[in-house]
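Note that the sequence shown covers residues 1 to 147 in UniProt numbering.
What follows is a set of notes on a single structure, which appears directly below.
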Amino acid sequence: ILIVTAVCLVVPTLYLYRKRASRLNRSSVVPKQTIIIERTTAVNTSEADPSTDKNENIDINSYGGFIPYIRKLHADQGLCVSSKLPYPNTISVIDPMIIKATLTAGDRPIYLFKFLEPFLGEDNLQIFEAGRAARFRKLIGTSLGHK
1 ILIVTAVCLV
11 VPTLYLYRKR
21 ASRLNRSSVV
31 PKQTIIIERT
41 TAVNTSEADP
51 STDKNENIDI
61 NSYGGFIPYI
71 RKLHADQGLC
81 VSSKLPYPNT
91 ISVIDPMIIK
101 ATLTAGDRPI
111 YLFKFLEPFL
121 GEDNLQIFEA
131 GRAARFRKLI
141 GTSLGHK
């Protein structure tokens, strides 16, 4: 019975994989070009942390702040911006489908709020892993007006 079950799972998987691979080869979709905004001022390479560069905020300040700067980037580059933002390893997304898909993407980084544990204690919502936090939110969500 185990062998029959394995064959019933493997054969359709191989069939669908080959069918998908051939469909990808015939695809006429061209990926959108990624535009990267580069810094126009000279960078001091002797500094250890590039985020402390004093000339880094010139573009942001010339647009009137961070929010207008992000709006300009999205107007130029589209719904997903992955250029150099003031924060390292950051993207800005305004596509509603991507935002909706990432709401249930899974657990956040394990040690994201671990530094708060000495201050808030071990039994705090910000320190819970995703499963426990979801159960807790489900329990108290109705009292906060969330569905």
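We put the beta carbon where it would ideally sit given N, CA and C, even for glycine.
Item: Leu116: first and last residue of the uninterrupted alpha helix (DSSP H) it sits in; Value: Leu116 -> no alpha helix (DSSP H), and no H or E assigned at all.
Item: Rounded straight-line distance, which links the Cα of Ala6 to that of Tyr15; Value: 14 Å
Item: Those residues which DSSP pairs with Cys8 across a bridge; Value: Its beta-bridge partners do not exist; DSSP assigns none.
Item: Which of helix, strand or coil DSSP assigns to Ser92; Value: strand
Item: Val81, buried or exposed, once every other Cβ within 10 Å from all chains shown has been counted against 16; Value: buried
Item: Exposure label - Leu73; buried when at least 16 CB within 10 Å; Value: buried
Item: Backbone CA spacing between Thr13 and Arg135 [nearest angstrom]; Value: 34 Å
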